[in-house]
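A.B. asks: In my numbering, the protein residues as written are 2 to 302.
#1: If residue 261 and residue 245 are in contact, beta carbons under 8 Å, what's the gap, nearest whole angstrom?
#2: Return the residue from the list 265, 120, 129 and 254 that minimises the CA-CA distance to residue 276.
#3: Is residue 158 near the ligand MG - that is, is its Cβ less than 6 Å away from at least one heavy atom of it?
#4: Are residue 82 and residue 150 closer than 7 Å when you measure CB to CB?
#5: For residue 273, which residues does DSSP report across the bridge?
#6: Tell whether a beta-carbon distance below 7 Å holds between residue 208 and residue 231.
#7: For residue 134, which residues in the same chain have their Cβ closer than 6 Å to its Cβ, ignoring the five residues on either side in sequence?
#8: What are the uninterrupted segments assigned as alpha helix (DSSP H) that are 4 or more residues long and contained completely in the stretch 141 to 222, given in chain order?
#9: Taking Cβ positions, are residue 190 and residue 176 nearer each other than 7 Å?
#10: Would DSSP call residue 41 helix, strand or coil?
#11: Roughly how many angstroms separate the alpha carbons of residue 27 and residue 66, rounded to a whole number?
#12: Could you check the C-alpha separation between residue 78 and residue 172 for me, to the nearest Å?
#13: Just to check my reading of the structure: residue 252 and residue 295 have Cβ atoms closer than 8 Å, yes? What is that Cβ distance to the nearest angstrom?
#14: Give the single residue among 84, 50 and 280 whose Cα lies nearest to the Cα of residue 180.
#15: Give the DSSP-derived three-state secondary structure of residue 26 in the structure shown.
#16: State buried or exposed for residue 188, treating a residue as buried only when at least 16 other CB atoms are found within 10 Å of its CB.
#17: So, for residue 293: in the same chain, excluding its five sequence neighbours on each side, which residues have a beta-carbon less than 7 Å away from its beta-carbon?
#18: With a threshold of 8 Å, are at least 3 pairs of Cβ atoms found where one atom belongs to the stretch 209 to 227 and the other to the stretch 45 to 60?
#19: Closer than 8 Å is the cut-off here; do at least three beta carbon pairs connect the stretch 194 to 205 with the stretch 155 to 175?
#20: Are the stretch 117 to 131 and the stretch 58 to 65 in contact at 8 Å, needing three or more beta carbon pairs?
#21: Which residues in the same chain have their Cβ closer than 7 Å to the Cβ of residue 143, if we skip the five residues on either side of it in sequence?
#22: What are the start and end residues of the beta strand (DSSP E) that includes residue 1?
#23: Three-state secondary structure (DSSP) at residue 80?
#24: Who are residue 57's beta bridge partners in DSSP?
#25: From residue 289 to residue 100, what distance separates their C-alpha atoms?
#26: With a Cβ-Cβ cutoff of 7 Å, do residue 115 and residue 102 count as a contact?
#27: Rounded to whole angstroms, what's the CA-CA distance from residue 34 to residue 74? Just pull it up for me.
#28: Cβ of residue 213 within 7 Å of Cβ of residue 94?
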């Protein structure tokens, strides 16, 4: 099991945070220098939370100001579910930065494209369609499934997203299917999975790093902050005056996730990726697990 409360060594892929006085902050998957106190307490608390799920809990948290991190099963595979939509929007923005896509491009589609839970995209089927920007916003802010699929279509499908992730240094995360089948969450199925450490690194690089041009990073952050689906997860354990941008995911076989960038007042941000897999407890009992991790994040400040 990968569990640590550490000061992460800043090496590897670049995540530039000049405002924090760090020329290069790389979110290394393996801790190099232990912070000392707190390891046992963190381990016991996370193990107790995992026991409540009846399955597995995966956690990766990094305070970019202090470089302190903690993790639990951070290198293990977990179903992404709808957290992939943040990455898909990031890929779209990367293509926009390169002149390969336009946020104003309008995509028209028929009702035959609609899948379950498409509250925004269903209103525009067989009519005016939606712009690429509107599809990104719908996918990230309300987790619209058809919008997510249309974004995948816009750049060549799940394999193209996986290839792009490899190109920006994520050697773990993979998307193989579209909505809704990507949510199966079968035990030991490698398809459509990530690891908490890998997702933390990628989310941090997209929002705080140099993978995207600054206007695109700011746009992705704005969509994450406007997300409405995570009020009962990590956000529920964080102070109300903290700025939070997150993307949730919920699938079959006890699969849930929440990935977030968190800005406490007057300091550097914290990045978090939390996943649950193979849970036997009902969702209403699993959301508080995320909130408890949120409380642990609060204690870092």
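For glycine and all other residues, C-beta sits at the position ideal for the given N, C-alpha and C. Remember, predicted model here, so these are calculated numbers, not experimental data.
C.D. replies: Judging by the given coordinates:
#1: The sequence position of residue 261 within the chain shown is 260, counting from 1. The sequence position of residue 245 within the chain shown is 244, counting from 1. Contact flag correct, Cβ pair sits at about 6 Å.
#2: Numbered from 1 along the chain shown, position 275 holds the residue referred to as residue 276. Comparing Cα-Cα distances from residue 276 to each of 265, 120, 129 and 254, the minimum goes to 254.
#3: Because no ligand of any kind appears in the structure shown, any question about the ligand MG cannot be addressed here.
#4: By 1-based counting over the chain shown, the position of residue 82 is 81. By 1-based counting over the chain shown, the position of residue 150 is 149. For residue 82 and residue 150, no; Cβs fall outside 7 Å.
#5: Here residue 273 corresponds to residue number 272 of the chain shown, with the count starting at 1. In the DSSP output, where bridge partners are listed per residue, residue 273 has 62 and 261.
#6: As a first step, residue 208 is located in the chain shown; it is residue number 207 there, counting from the start. As a first step, residue 231 is located in the chain shown; it is residue number 230 there, counting from the start. For residue 208 and residue 231, no; Cβs fall outside 7 Å.
#7: Translated into positions along the chain shown, residue 134 becomes position 133. Cβ within range, chain order: 104.
#8: 146 to 156, 159 to 168 and 197 to 208
#9: By one-based count along the chain shown, residue 190 stands at place 189. By one-based count along the chain shown, residue 176 stands at place 175. Taking 7 Å as the Cβ cut-off, residue 190 and residue 176 do not qualify as a contacting pair.
#10: Counting from one through the chain shown, the residue named residue 41 turns up at place 40. Of the three classes helix, strand and coil, the one that applies to residue 41 here is helix, per DSSP.
#11: On the chain shown, position 26 is the one that residue 27 refers to. On the chain shown, position 65 is the one that residue 66 refers to. At residue 27 the pLDDT is 39, less than 50, meaning the model places this residue with poor confidence; the figure from the coordinates comes in the next sentence. Computed Cα separation, rounded: 13 Å.
#12: Position 77 of the chain shown, counting from 1, holds the residue named residue 78. Position 171 of the chain shown, counting from 1, holds the residue named residue 172. Taking the straight line from one Cα to the other gives about 12 Å.
#13: Residue mapping note: residue 252 aligns to position 251 of the chain shown, counting from 1. Residue mapping note: residue 295 aligns to position 294 of the chain shown, counting from 1. Contact doesn't hold; Cβ gap of about 21 Å is too wide.
#14: Within the chain shown, residue 180 is the residue found at index 179, counting from 1. Closest option to residue 180, Cα to Cα, is 84.
#15: If you number the chain shown from 1, residue 26 lands on position 25. With a pLDDT of only 37 at residue 26, under 50, the local geometry of the prediction cannot be trusted, and no value is derived from it.
#16: Working through the chain shown from its first residue, we reach residue 188 at position 187. So residue 188 ends up on the exposed side.
#17: Along the chain shown, one-based indexing puts residue 293 at 292. Correct list, in chain order: 50 and 238.
#18: no
#19: yes
#20: no
#21: As a first step, residue 143 is located in the chain shown; it is residue number 142 there, counting from the start. So the qualifying residues of the chain are 120, 121, 229 and 230.
#22: Since the first residue of the chain shown is 2 and the last is 302, residue 1 is not available in this structure.
#23: On the chain shown, position 79 is the one that residue 80 refers to. Strand, per DSSP.
#24: Walking along the chain shown from the start, residue 57 turns up at place 56. Partner(s): 278.
#25: Counted from its first residue, the chain shown places residue 289 at position 288. Counted from its first residue, the chain shown places residue 100 at position 99. One C-alpha to the other measures close to 42 Å.
#26: Residue mapping note: residue 115 aligns to position 114 of the chain shown, counting from 1. Residue mapping note: residue 102 aligns to position 101 of the chain shown, counting from 1. Contact: no.
#27: Taking the first residue of the chain shown as position 1, residue 34 is located at position 33. Taking the first residue of the chain shown as position 1, residue 74 is located at position 73. Interpretation of residue 34 is limited by its pLDDT of 34, a score under 50 that renders its predicted location unreliable; the figure taken from the coordinates is listed afterwards. Cα to Cα, the separation comes out at about 18 Å.
#28: Position 212 of the chain shown holds residue 213. Position 93 of the chain shown holds residue 94. In contact: residue 213 and residue 94 (Cβ atoms closer than 7 Å).
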